[in-house]
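Participant:
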Amino acid sequence: MFGFGRYAVSKEMQDWLLDGLIWCAGTGLLRPDTPLVTPTKDWFRAPSGATSEVTARALLDDILRIVGMTGAAIEMLPIEVLPDELRHQYGQMGEIAGTWQGDGDGPSLIRYDPTLLRRPTVFLSTMAHEVMHERLHHGPGDWPGGPEAEELMTDLAVIASGFGVLALSGAEDAGWQGYMRQDSRAHAVALVLGAMGADPAGAPAHLPGRAAKALKAAIAHLATNDDVAELRQSLDASGPQPLVMG
1 MFGFGRYAVS
11 KEMQDWLLDG
21 LIWCAGTGLL
31 RPDTPLVTPT
41 KDWFRAPSGA
51 TSEVTARALL
61 DDILRIVGMT
71 GAAIEMLPIE
81 VLPDELRHQY
91 GQMGEIAGTW
101 QGDGDGPSLI
111 RYDPTLLRRP
121 TVFLSTMAHE
131 VMHERLHHGP
141 GDWPGGPEAE
151 ELMTDLAVIA
161 SGFGVLALSG
171 AEDAGWQGYM
181 RQDSRAHAVA
191 LVLGAMGADP
201 AGAPAHLPGR
211 AAKALKAAIA
221 HLATNDDVAE
231 LRQSLDASGP
241 QPLVMG
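The opening residue of the sequence shown carries number 1 in full-length UniProt numbering; numbering runs sequentially from there.
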């Protein structure tokens with residue numbers, strides 16, 4: 001009666017996550033063949049010993065390849081940051097990790113904090129988020145919640161497109177939640193895994209402790225309702241359709 005064991009994700013957020021993933025299935029972001037991307041050489045081909053700019057570009061190109069957006073016109077520039085010792089001194093450790101800019105006229109621009117290359121999961125999850133901005137801005141634009149929910153929808157699109165493990169790992173490794181709370185992120189990952197019939201034991205093996213615990217709790221909770229079945233039905237109905245881009 002004291003609320004012990006209460007699930008960390010509100011019913012309202014659970015409903016929004018389900019609606020958002022159903023929308024992703026309808027636009028081709030979530031597909032029957034969506035992979036479970038892990039931070040391994042199976043997915044990322046950046047050359048060893050390259051400059052940070054070359055590495056960053058190679059990793060971005062890997063993400064674009066995985067989500068079927070190799071033709072996207074996106075340029076990259078590093079954000080100018082202070083050296084680590086000065087960032088501590090001036091209290092700037094929480095600066096922007098990445099940004100996306102685009103107006104539909106010419107290439108879009110992704111800017112990134114080059115120091116994040118030292119923490120690959122943080123860099124990859126950040127770049128996946130920025131790529132999803134590109135995807136959403138060139139798609140139908142009618143996601144649940146409308147424009148006010150764009151950042152949340154962008155985080156959810158990262159998960160729908162196969163980068164849920166990286167999103168969970170990156171948020172924990174960085175020490176910040178992002179736009180979506182970690183428990184909500186884990187709930188969305190569990191929904192995707194369940195709908196696609198993936199082995200739920202596979203994802204936690206690639207996650208740090210707290211993220212793995214959150215994912216296991218989400219998997220257990222979803223076993224008590226029909227949300228996974230509803231998403232699977234929507235995914236089956238949508239079929240292997242192409243990514244909808246404007």
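Think of the CB as a built atom: it goes at the ideal place given N, C-alpha and C, for glycine as much as any other residue.
Going by beta-carbon coordinates alone, are His129 and Thr99 separated by less than 8 Å?
Facilitator: Taking the first residue of the sequence shown as position 1, residue 129 is located at position 129. Taking the first residue of the sequence shown as position 1, residue 99 is located at position 99. Contact: no.
Participant: So Asp19 and Pro144 are supposed to be a Cβ contact under 8 Å. How far apart are they, rounded?
Facilitator: By 1-based counting over the sequence shown, the position of residue 19 is 19. By 1-based counting over the sequence shown, the position of residue 144 is 144. That belief holds up - the Cβ atoms of Asp19 and Pro144 are roughly 4 Å apart, short of 8 Å.
Participant: Can you tell me whether Gly175 is buried or exposed, with buried defined as 16 or more other CB within 10 angstroms of its CB?
Facilitator: Taking the first residue of the sequence shown as position 1, residue 175 is located at position 175. So Gly175 counts as exposed.
Participant: Where in the region 198-245 do unbroken runs of the alpha helix (DSSP H), each at least 4 residues long, occur, reported from the N-terminal end onward?
Facilitator: 209-222, 227-238
Participant: Assess, as a yes-or-no matter, whether the region 5-24 is touched by the region 119-137 under the definition of 3 or more beta carbon pairs within less than 8 Å.
Facilitator: no
Participant: For Pro35 and Ile66, which I take to be in contact (beta-carbon distance under 8 Å), what is that distance rounded to the nearest angstrom?
Facilitator: For the purposes of this step, residue 35 is taken as residue 35 along the sequence shown, with counting starting at 1. For the purposes of this step, residue 66 is taken as residue 66 along the sequence shown, with counting starting at 1. Contact flag correct, Cβ pair sits at about 7 Å.
Participant: Under three-state DSSP, which class holds Glu53?
Facilitator: The residue labelled residue 53 in the question sits at position 53 within the sequence shown. In the structure shown, Glu53 sits in a helix (DSSP, three-state: H, G or I).
Participant: On the DSSP letters alone, give me the boundaries of the alpha helix (DSSP H) that Ser125 sits inside.
Facilitator: The residue labelled residue 125 in the question sits at position 125 within the sequence shown. Looking at the DSSP string, the run of the alpha helix (DSSP H) that includes Ser125 is 120-137.
Participant: Nearest by alpha-carbon distance to Ile74: which of Gly68, Leu64, Glu80 is it?
Facilitator: Position 74 of the sequence shown, counting from 1, holds the residue named residue 74. Ranking Gly68, Leu64, Glu80 by Cα distance to Ile74 puts Leu64 first.
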